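Numbering (UniProt numbering), first residue to last: 1 to 861. What follows is a short report on a single structure.
Below, the structure is given as structure tokens:
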């Protein structure tokens, strides 16, 4: 420190000492104190360790009107907006000085002045900004030369929002006895640090309490994942880390640095945390690998993730089989034994037509068609059509996967040779009775090989052709039994040789004899034509035998025994899934085909049990099949069988082309006549009568649980025992036993869970209202609580638009409060039969305005 000079004579100085300590925080703020009057005096003293110290003192307490100033040189701000001043001083108690006037002070003032000029020697007193008045926490009363313990006072003040290059500090004495020992000027900063692989530099804190936003820089081999930043607080601490850097591909993090991946490991993406071991059939001989190189003969497709093992092309398909059907051939094969380690196996076929001796073959050309396609098949089967009869073909089946194009080796192929068959079979003669027909025929003149068997198909003339039955025989004659009396059937015959099936001979129509009058098994069929070529078949039976009783599957100690008793096990290889048509409670619902021995493939619906099921879920899933398998009625959905011996577990039912009744009606709003709608209702009632006679209670009869086939036959479905309606969007009202579909449920079932055939009748009345209104929502947008209250007060749904009065009255009868007052399903079927036979009874329409209350008029049975 430089020695300061005074411009005026000094006064008496009290013993003390002062050490001017320059700023010691990084970087230091250097300055020298300059006395502006001779009242402040620079004194050298010894501290308790006999080390020289420099102090500034003033003690002009005997004179009034003191104004003594001590000022520093220019102190550079060095970017700091807030600076701290720590002063250490001693101050003598005025009372300890005898004869001191009342003007003696025990405080002094501290000021600062901002300036860009570093060479100011004179600053007006009025230009200074006061920092504070400084008082001593401890003062001394006398000087004890032998006492080395100094009563030092330490005070810290700060200056905020500095903006100029630097500032001057000044100390004003107004008549105190002071010794200024040290002055330390410093600022605070947040120190250099590395966090989340980002380096943040030394950062000077902001003014006041403001946070300073600092952006980090990614260290060595790292890159930004999210822009790294932190905030430097006013007290020099880092706060609120945001974002981070990640090590580049080929590097991994280790103690805030990125180091290269070791040989044998790799890192493909910056977002991966660590280097990982090379996947199978690959290696990385050098450091810093971003992927592993495939071994010879193995490859990785461009779309494969770098973590995937290197793979190779598949071997050839195995076990090719051909089934010839006239000029069509079905080719099937087994997947390759070696898939190359991949799951994206596809197949392509190449067709060549060959001469009789097989020596000369040419490409088939575009006249031959492949179903579903020729290239890129995902399934191991294909149908080839439009072949020429009595011709030889060679098919090459090629297996490939995602790396086949990368391999120089030949692809795996298998060749299968096929010969198409001749046209054969002509029906010659027949004999018939009331329930059977006997056919005889001659074989083809020039069969393509030895005849193995004949195939006879037949179907009712007024039914669609796909609903046919297939029979097979080795003889040239067959008697077909179990036919309906007075019904016309269409018959066709073809032969199968070693080379495959021939074509069908000309079809013949035969009508069975008519039953005698009074036959107790007699039934009539009413055919109703519908726009678009659809025919609705309504079966009006005079009697129906339903002596069987429903057996609850839960009465079985072993649930699997119930499945064995009531459901047929189907080989999964006979099922071909074609597309997903919906989702059920337990898994997907698909449509597909079922190959039945002795018959053509039939369309079916396939419910599958999703993976990861529990034993209870499997039992609940199959319970529906145990129930459905006990029913045999044209208006109950038919169970074809189940698949339980392999995964996935499946339930196979007949396929209903038109889906659920509510959706079907909404789609065809206003397109049916009243008699057609009554025919649908009659089918539902007939199915429910069958269930009621077997003592089965449905509990959830609604249009959404009725399925419709291509002939508009309605069939009751949804027999899941596990159904407590947890997933039903209509089941919004919870009781102690589970959720209930309020809008379809009888009052006693809601209040007391009393489910009976009578409660099913109530639900049937709601279904009637849904059908006549073309799928409108019962009770519209009323809440469930409002529906319960309205029903309890006696209100009932009004007649839908254009609803015959007799149908609305039947609805009201179904909605009688007393269970015993509601009609039975057998009575409902009889009423609807009468309406169908007498359409004129449907002409009078009900008044559709307002609410209706159950009336006293009853339909006569």
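No residue lacks a Cβ here, since even glycine has one placed at the ideal position from N, Cα and C. As the structure is a prediction and not an experimental result, all values here were calculated from the model.
Below 6 angstroms CB to CB, which residues in the same chain sit around residue i once its five sequence neighbours on both sides are set aside?
i, result
"residue 600", "470"
"residue 364", "351, 353"
"residue 664", "658, 708"
"residue 258", "220, 221, 222, 247, 251"
"residue 427", "Because the pLDDT at residue 427 is just 45, under 50, the model does not fix this residue reliably, and the value given afterwards should be weighed accordingly. Excluding residues within five positions, the ones whose Cβ falls inside 6 angstroms are 441, 493, 505, 508."
"residue 348", "375, 398"
"residue 779", "743, 787"
"residue 280", "309"
Which partner residues of residue i appear in the DSSP bridge assignment?
i, result
"residue 862", "An answer regarding residue 862 cannot be provided, because it is not within the stretch 1 to 861 covered by the chain."
"residue 479", "438"
"residue 68", "173"
"residue 605", "591, 653"
"residue 157", "85"
"residue 260", "251"
"residue 719", "The partner list for residue 719 (beta bridge, DSSP) is empty, contrary to what the question assumes."
"residue 460", "489"
"residue 404", "Residue 404 pairs with nothing; no bridge assigned."
"residue 397", "349, 414"
"residue 115", "166"
"residue 132", "110"
"residue 339", "DSSP output for residue 339 lists no bridge partner at all."
"residue 377", "347"
Thinking C-alpha only, which one of the options is nearest residue i?
i, options, result
"residue 668", "773, 749, 635, 574", "773"
"residue 60", "39, 80, 822", "39"
"residue 331", "744, 484, 373, 787", "373"
"residue 575", "561, 438, 560, 597", "597"
"residue 476", "463, 454, 487", "454"
"residue 613", "198, 753, 621", "621"
"residue 749", "705, 819, 832, 437", "819"
"residue 75", "478, 125, 789, 168", "168"
"residue 743", "55, 719, 259, 782", "782"
"residue 758", "346, 692, 387", "692"
"residue 114", "123, 85, 559, 205", "123"
"residue 357", "132, 394, 785, 241", "394"
"residue 824", "495, 456, 762", "762"
"residue 776", "434, 413, 704, 628", "704"
"residue 417", "406, 411, 408, 396", "396"
"residue 578", "594, 370, 141", "594"
"residue 906", "379, 570, 553", "This structure leaves residue 906 out entirely; the chain is present only between 1 and 861."
"residue 176", "338, 831, 107, 216", "107"
"residue 717", "671, 654, 389", "654"
"residue 635", "715, 292, 126", "715"
"residue 205", "662, 797, 125, 191", "191"
"residue 384", "165, 366, 293", "366"
"residue 338", "412, 382, 325", "412"
"residue 132", "656, 187, 286, 86", "86"
"residue 70", "56, 78, 64, 688", "56"
"residue 159", "95, 141, 243, 234", "234"
"residue 482", "462, 474, 512", "512"
Comparing the CB of residue i with every heavy atom of the ligand SAM, is any distance shorter than 7 angstroms?
i, result
"residue 698", "Judged by which ligands are present, the structure shown has none, so any question about the ligand SAM falls away."
Can you name, in chain order, every residue of its own chain whose Cβ lies under 8 angstroms from the Cβ of residue i, other than the five neighbours on each side?
i, result
"residue 276", "265, 266, 267, 307"
"residue 319", "333, 334"
"residue 559", "553, 619, 622, 623, 626"
"residue 79", "204"
Output needed for residue i: all residues of its chain with C-beta closer than 7 angstroms, excluding positions within five of it in sequence on either side, in chain order.
i, result
"residue 458", "468, 469, 480, 489, 490, 491"
"residue 550", "630, 694, 695, 696"
"residue 674", "804, 842"
"residue 832", "678, 681, 682, 685"
"residue 719", "624, 627, 628"
"residue 581", "589, 590, 591"
Margin query: What ranges does the beta strand (DSSP E) occupy inside the region 628-666, keeping only unbroken runs of at least 3 residues that lie completely in it?
Written below: 639-643, 650-654
Next item on the list: Ignoring anything shorter than 3 residues or poking outside the region 170-241, list the beta strand (DSSP E) runs there in chain order.
Entry: 177-186, 193-195, 198-200, 212-215, 222-232
Next item on the list: Could you tell me whether the region 151-162 touches the region 132-139, where touching means 3 or more Cβ pairs closer than 8 angstroms?
Entry: yes
Next item on the list: Would you be able to state if there are at least three C-beta pairs under 8 angstroms between the region 643-654 and the region 684-700?
Entry: No: fewer than three Cβ pairs fall under 8 angstroms.
Checklist line | Cβ pair count under 8 angstroms reaching 3, the region 208-226 against the region 163-173 | finding: no
Next item on the list: Decide yes or no for the touch test of the region 103-114 against the region 184-198: beta carbon pairs closer than 8 angstroms, at least 3 of them.
Entry: Using a C-beta cut-off of 8 angstroms, the region 103-114 makes no contact with the region 184-198, since fewer than three inter-stretch Cβ pairs fall below that distance.
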